[in-house]
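Step one of this worksheet: look at the structure below.
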Amino acid sequence: MTTSTSHLKSHPGLNLGAAHGQAHEDAEPVVFGFWIFLMSDLVTFAMFFAVYATSLQATAGGPGNADIVDVTSIALQTAALLVSSLLFGIATVAMKHGSAARTVIFWLIASLAFGLCFLGLEVRDFIDAAEKGAVPMRSGYLSAFWALVGLHGLHVAVGSIMILVVCAQIAFFGFASDVKTRVLRLGLYWHFLDIIWIGIFSVVFLPGLLT
Amino acid sequence: MSEKNQRAHDLRMYFTGFGLAVTLTALSFLTAILQPFGPVGLFATLAVLAIAQVVVHFRFFLHIDLSRQAREDLQLILFTGLLIAIMVAGTIWILGDLMTRMM
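Following this line, the structure appears as structure tokens:
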């Protein structure tokens, strides 16, 4: 490790390092700004969790927590998100260490594929719940459930579109310095959604298995 | 550190995080499925495992640590954590209290 001043710059997520010159210089302020956005997003999610926790009893005689949990599907969704996060990490490491654009795009698309698996399973669960009469307008509890889990799903859907966008940018512009910092920020967003998901399976789904 | 070592080091970071995350997730699911501890024990175990996994994700995927350079970000996280604790605990406390009075 060298101790040059540019090497001392550091920010959340994978640091590109001084060898990336302009991109590394640019990364610190833009990543810090993005980090502030993520933390405010975390506050939003926290309030959805709080609303969920206070609505647990408000089932109005409709389906409750235990009636809509499919533990196999939740386990698969968790696995899909974790693998997707790992693949995104591999993509950023490949970008940092000078892999070809098509290699990085390959890892990003692989990450996207697992993200889409997650979304597909989640949509299937939502359809199953709706068929059991567990629609959001049925009770206060179900409104809170759909809002919390749906908000996370919406974030994953937006992230999936953004993965396609950065892949297109890499393909068209190559690794320009602003493209590199976008990949870094999207990586933070993608890993951040995993952290929200830990909260969702620990607070919403697993307690539903209680007999 | 040479370029090759650095690359291996960066990759190892993600794989270590992934391994720990999978282990903690598996423990959470096993505890919920087998339920060896009863309701209170289940909630306590899930809470501990979830917090541990959040720390693992911050450390290995988001690279937040206790080094000097990362401290601003750590402060931001801790401040957000404080805000969340006040708002979430306050919401649950007040609305829970109202609910018991309505019963």
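Those protein sequences? They're chains L and C, same order as listed.
Quick note, the first sequence lines up with residues 157 to 367 if you use the working numbering.
Quick note, the second sequence lines up with residues 97 to 199 if you use the working numbering.
Using N, Cα and C, we set each Cβ at its ideal position, and we do this for glycine too.
Rounded to whole angstroms, what is the Cα-Cα separation between residue i and residue j?
i        : j        : result
L:LEU264 : C:GLY113 : 19 Å
L:MET293 : C:GLN131 : 32 Å
L:PHE301 : L:ALA179 : 41 Å
L:VAL335 : L:SER166 : 19 Å
L:PHE190 : L:ARG341 : 7 Å
C:THR196 : L:THR215 : 15 Å
L:ARG338 : L:ASP182 : 11 Å
L:GLY254 : C:ASN101 : 14 Å
L:ASP281 : L:PHE357 : 14 Å
L:VAL289 : L:LEU277 : It should be pointed out that residue 289 of chain L corresponds to Gly in this sequence rather than to Val. Distance between the alpha carbons of L:GLY289 and L:LEU277 is about 19 Å.
C:ASP193 : L:PHE204 : 19 Å
L:VAL321 : L:ALA327 : 10 Å
L:ILE230 : L:PHE361 : 8 Å
L:ALA257 : L:PRO363 : 44 Å
L:ALA266 : L:GLY343 : 14 Å
C:ALA104 : L:THR200 : 37 Å
L:LEU251 : C:THR121 : At residue 251 of chain L the sequence reads Met, which differs from the Leu that was named. If I take the Cα positions, the gap works out to 29 Å.
L:VAL227 : L:VAL260 : 34 Å
C:ALA128 : C:MET198 : 31 Å
L:SER196 : C:LEU179 : 10 Å
C:PHE133 : L:PHE329 : 56 Å
L:MET318 : L:ILE352 : 18 Å
L:ALA175 : L:PHE193 : 28 Å
C:LEU170 : C:LEU126 : 32 Å
C:PHE175 : L:LEU198 : 12 Å
C:LEU162 : C:GLY115 : 22 Å
L:THR158 : L:ALA332 : At L:THR158, the pLDDT of 41 sits below 50, so the modelled position is not reliable; the number obtained from the coordinates is stated separately. Cα to Cα, L:THR158 sits roughly 25 Å from L:ALA332.
L:LEU170 : L:GLY177 : 15 Å
L:ASP223 : L:GLY296 : 15 Å
L:LEU268 : C:LEU172 : 29 Å
L:SER162 : L:GLY173 : Bear in mind that a pLDDT of 42 at L:SER162, under 50, signals an unreliable position, so the model cannot answer this.
L:GLY220 : C:ALA148 : 28 Å
C:PHE156 : C:ALA146 : 15 Å
C:ASP106 : L:GLY217 : 52 Å
Report back the beta-carbon spacing between residue i and residue j to the nearest angstrom; my notes put them in contact at under 8 Å.
i        : j        : result
L:LEU298 : L:VAL305 : 11 Å between Cβ atoms; not a contact.
L:TYR244 : L:TRP346 : First, the residue type needs correcting, since residue 244 of chain L is Phe and not Tyr in the sequence shown. So it is a contact: roughly 5 Å between Cβ atoms.
L:PRO168 : C:LEU158 : 5 Å
L:ILE354 : C:VAL150 : 6 Å
L:SER240 : L:PHE262 : Their Cβ separation, rounded to whole angstroms, is 14 Å, which puts L:SER240 and L:PHE262 out of contact at 8 Å.
C:VAL144 : C:ALA117 : Not a contact, Cβ separation roughly 15 Å.
L:LEU365 : L:VAL225 : 6 Å
L:HIS308 : L:LEU349 : 7 Å
Mapping DSSP to helix, strand and coil, what is residue i?
i        : result
L:ARG294 : coil
L:ASN171 : coil
L:MET251 : helix
C:PHE133 : coil
C:GLN171 : helix
L:SER196 : helix
L:MET157 : In this prediction, L:MET157 has a pLDDT of 41, which is less than 50 and means its spatial position is unreliable; what the coordinates show is noted afterwards. DSSP places L:MET157 in coil when its eight states are reduced to three.
C:ASP161 : coil
C:LEU126 : helix
L:HIS163 : The predicted position of L:HIS163 is uncertain, since its pLDDT is 46 and thus under 50; a value taken from the coordinates is nonetheless stated next. Here L:HIS163 sits in helix by DSSP.
L:ASP226 : coil
L:ALA256 : coil
C:LEU142 : helix
L:SER424 : For residue 424 of chain L there is no data in the structure shown, the boundaries of chain L being 157 and 367.
L:ALA231 : helix
L:GLY188 : Here residue 188 of chain L is Phe; the residue named in the question, Gly, does not match the sequence. Looking at L:PHE188 - three-state DSSP - the assignment turns out to be helix.
L:SER299 : helix
L:PRO219 : coil
L:ALA332 : coil
Against residue i, what residues of chain B qualify as contacts under a CB-to-CB distance less than 8 Å, listed in chain order?
i        : result
C:MET195 : Annotation note: the requested chain B is absent from the structure, which comprises protein chains L and C.
*Say whether the segment 186 to 199 of chain C touches the segment 210 to 230 of chain L, bearing in mind that this needs 3 or more beta-carbon pairs closer than 8 Å, one atom from each stretch.*
Enough Cβ pairs lie closer than 8 Å, so yes.
_Given 8 Å, three or more beta-carbon pairs between the segment 218 to 234 of chain L and the segment 311 to 318 of chain L_ = no
*asked:* Residues of the segment 129 to 141 of chain C in Cβ contact with chain L at a cutoff of 8 Å, in chain order, please.
replied: ILE129, GLN131, PRO135, LEU138 and PHE139
*Residues from the segment 165 to 184 of chain C in contact with chain L, defined by Cβ distance under 7 Å*: GLN165, ALA166, ASP169, LEU172, ILE173, THR176, LEU179, ILE180, MET183 and VAL184
*Got a sec: which bits of the segment 325 to 357 of chain L sit with their beta carbon under 8 Å from any beta carbon on chain C, in order along the chain?*
LEU344, HIS347, PHE348, ASP350, ILE351, ILE354, GLY355 and PHE357
*Which residues, in chain order, does the segment 113 to 129 of chain C contribute to contact with chain L at a C-beta distance below 7 Å?*
PHE114, ALA117, VAL118, THR121, SER124, PHE125, ALA128 and ILE129
*Which residues, taken in chain order from the segment 228 to 249 of chain L, show a beta carbon closer than 7 Å to some beta carbon of chain C?*
ALA231, THR234, LEU238, SER241, LEU242, GLY245, ILE246 and VAL249
*Can at least three beta-carbon pairs, one atom from the segment 187 to 202 of chain L and one from the segment 277 to 286 of chain L, be found at a separation below 8 Å?*
Result no; under three Cβ-Cβ pairs closer than 8 Å.
_Contact the segment 110 to 130 of chain C vs the segment 239 to 256 of chain L: 3+ CB pairs below 8 Å_ = yes
_Interface positions of the segment 153 to 165 of chain C facing chain L (Cβ-Cβ less than 8 Å), listed along the chain_ = Within the segment 153 to 165 of chain C, the qualifying residues are HIS153, PHE154, PHE157, LEU158, HIS159, ILE160, SER163 and GLN165.
*What residues in the segment 285 to 297 of chain L have a beta carbon less than 7 Å from any beta carbon of chain C?*
Flagged: no residues at all.
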